[in-house]
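K.L.:
This is the structure I have questions about; it appears just below.
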Amino acid sequence: MSTVDVERGAAAASGKTRGAVANGYRIPGNYQSQFYYDPGASVEREWTSWIVPLVVVANVAMFVATMYINNCPGHRNIYGSCVAGFLHRFSFQPLRENPLFGPSSSTLQKLGALEWDKVVHQHQGWRLVTCMWLHAGLIHLLANMLSLVFIGIRLEQQFGFVRIGIIYLLSGLGGSILSSLFIRNSISVGASGALFGLLGAMLSELITNWTIYTNKAAAMLTLLVIIVINLAVGILPHVDNYAHIGGFLTGFLLGFVLLLQPRLGWLERRNLPPADRVKSKYIAYQYILGVIALVLLVAGFIVGLVMLFRGVNGNDHCHWCHYLSCVPTSRWNCGN
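What follows is the structure, encoded as structure tokens:
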């Protein structure tokens, strides 16, 4: 997994890098890039990152608890022996059952995996959130948490824990809603929707703060390549690309609302003659994009939740959308 970093001011010129987005039951995309800010655009305030490390600790703790509850040696298994038996009740399910070194599907269901029938017919809407904190296996957990560290810490240092925390949680929820509208016969777990939301927010942040970037074309091209690579992974079987797309779109819209940067010269206005001072903190198009994004976001959540709890099957209204999550080939069957 390679990384990509978003730096501001002189730090950007040093060429540091920041990381990619992983997937939930999912595989991370690979990329590397540099994003450049105009050193004179602003005087950056560095926030101390604590919410991202806290989320990582919470996910690791939840995985440990999941494996304790799973207790592979305590149950007979038709797939064979537990993996890493020396871990006793923390050992993994047989690889034929779970190749990601993790628990059984029944354990994940018990602890809050996303499952359409339970959300709609058993009124367990809380699964839309709890699934974000569960992982299918050790490989799945490591991929997602490494991606979260690479992306989330720098974003939190730039914009603070409140805004990044909101984007993370709402993106995860948005991914769960879209996933539930299209997937009915399997469970889904993982922080992918939330991670793709951070990636979407990076793109909208680049767009809405366009004037403070230098080397704009390279930054935009690189980020678009990153997005395409990560979303393309979702066409593989057993990958919940609906969660990726839903999380990405949610984060993309939230970025226009929450990740605004002051226009050039705003922070230095007090040191300039009155005639040269910038009158407004933000440019008009930033306000316009923010309002449009907020309206679309609220409308999307309302429509999505209403459709979900009414039991609407998204596939009935979009007959080609199943290709967004899996494209059948001679090597695999999406229905299997």
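Residue numbering for the sequence shown follows the numbering used here, starting at 99 and increasing by one per position. Backbone N, C-alpha and C define an ideal beta-carbon position, used for all residues, glycine too.
1) Can you name, in chain order, every residue of its own chain whose Cβ lies under 7 Å from the Cβ of Q207, other than the five neighbours on each side?
2) Assign C419 to one of three DSSP states: helix, strand, or coil.
3) From the DSSP secondary-structure annotation, give me the bridge partner or partners of V437.
4) Are there 16 or more other CB atoms within 10 angstroms of the CB of E105, so buried, or fewer, so exposed?
5) Report all residues from its chain with a CB closer than 6 Å to the CB of A111; omit the five preceding and five following residues, and keep chain order.
6) Is the distance from the Cβ of I386 to the Cβ of G344 below 8 Å?
7) Just the C-alpha distance for L209 and V227, rounded to the nearest angstrom, thanks.
8) Candidates R361, E303, L239 and N169: which alpha carbon is nearest I262's?
9) Relative to the alpha-carbon of L392, which residue among L357, N339, V404 and D338 has its alpha-carbon at the smallest distance?
10) Please determine, among L322, K216 and P201, the residue with the shortest C-alpha to C-alpha distance to H233.
11) Determine, using beta carbons only, whether I264 and L352 come nearer to each other than 8 Å.
12) Can you check DSSP and say which residues form a bridge with F188?
13) Which value, in whole angstroms, describes the spacing of the CA atoms of R225 and N283?
14) Quick one: what's got a C-beta closer than 7 Å to G178's C-beta in the same chain, skipping five residues either side?
15) Assign Y380 to one of three DSSP states: helix, strand, or coil.
16) Roughly how many angstroms lie between the CA atoms of L301 and R174, to the nearest whole one?
17) What is the rounded straight-line gap between the Cα of V389 and the Cα of V355?
18) List the whole-angstrom C-beta distance separating F294 from H342, where the pair is believed to meet the contact cut-off of C-beta under 8 Å.
19) CB I237 to CB L198, shorter than 8 Å?
20) Does the Cβ of I400 have 16 or more other Cβ atoms within 10 Å, making it buried, or fewer, making it exposed?
21) Nearest-angstrom Cα distance between L185 and N169?
22) In or out: Q220 buried (at least 16 other Cβ within 10 Å) or exposed?
23) Going straight from the alpha carbon of D414 to that of H420, what length do you get?
24) Buried or exposed: where does N157 fall if 16 or more other Cβ atoms within 10 Å of its Cβ makes it buried?
P.N.:
On the basis of the coordinates in this document:
1) E213 and I285
2) helix
3) Given that the chain is displayed from residue 99 to residue 434, the structure contains no residue 437 and the question cannot be resolved.
4) With a pLDDT of 33 at E105, under the threshold of 50, the predicted position of this residue should be treated as unreliable, though the coordinate-derived value follows. With 16 or more Cβ atoms within 10 Å of its Cβ, E105 is classed as buried.
5) Its pLDDT being 35, under 50, A111 is placed unreliably in this model, and the value from its coordinates should be taken loosely. Once the five neighbours on either side are set aside, A111 has no close Cβ partner at all.
6) no
7) 12 Å
8) E303
9) L357
10) P201
11) yes
12) None; F188 has no bridge partner.
13) 15 Å
14) P192 and R194
15) coil
16) 48 Å
17) 7 Å
18) 5 Å
19) yes
20) exposed
21) 10 Å
22) exposed
23) 11 Å
24) buried
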